[in-house]
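Asker: Numbering of the sequence shown is given in our numbering, commencing with residue 780 and proceeding in unit increments.
By construction, the Cβ of each residue, glycine as well, lies at the ideal position given by its N, Cα and C atoms.
Have a look at this one.
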Amino acid sequence: MKNLSILFIALLSVVFSSCEGPQGPPGNDGGIIIAPAFEIEVDFNALNNYEYFEAYGFEIYPYDMTLVYILWEVNNGQDVWRLMPQTVEFDEGSLTYNFDFTRTDVRFFLDGTINLNTLDPSWTQNQVFRVVIVPADNIGKRNFEDLTTVMEAYNIESFEKR
């Protein structure tokens, strides 16, 4: 009886392990992810309330993330980009270059404790920003501090000038 049970279990395992269903449809190949990106120059002043809105001009998905980098300086002919927000301390207070975003636009703005009307134009005029929209499925997988690394990761070869 014991041998019969073992034989029956062995037979069942062979029957069930050899069953196959129909082959499913082929899946999509993993594609190269390209993040939309653009560059914009902004002048901040009292007339625009030290803020500027820019529409993306394309749709982003609910969980996509917008990254903004500011051209901080040019060092030996090389652009130095910093991930925003960035804060500068003055004797009179602090200045923060900041941003926020929706699914349709990004807002660049100046904030801080300093009187923005007293800032030298070098802090408010001709400020250059680069914007990158990162797909939601890749948000937790990258270091976003370095713009060059982000460009390589998302195959960004150039930035549309606006």
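What residue from ASN896, ALA932 and GLU838 has the CA that sits closest to GLU871's CA?
Answerer: For GLU871, the nearest C-alpha among the options comes from ASN896.
Asker: Please identify the residue among VAL913, GLN904, ASP916 and PRO914 whose C-alpha is closest to the C-alpha of LEU850.
Answerer: GLN904
Asker: Assuming VAL885 and LEU874 form a contact by the criterion Cβ under 8 Å, report the distance between their Cβ atoms to the nearest whole angstrom.
Answerer: With 8 Å as the limit, VAL885 and LEU874 do not qualify as a contact, their Cβ atoms being about 19 Å apart.
Asker: Since I believe PHE823 is in contact with LEU889 (beta carbons under 8 Å), could you give me their beta-carbon distance rounded to a whole number of angstroms?
Answerer: 5 Å
Asker: Would you kindly report the start and end of the unbroken beta strand (DSSP E) that includes ALA834?
Answerer: 830–834
Asker: Go to PRO863, then tell me how far its alpha helix (DSSP H) extends in each direction, as first and last residue.
Answerer: The sequence as given places Met at residue 863; Pro does not occur at that position. Note, MET863: premise wrong, no alpha helix (DSSP H); not H, not E.
Asker: Contact check, VAL910 vs ALA816 under 8 Å by CB: the rounded distance?
Answerer: 6 Å
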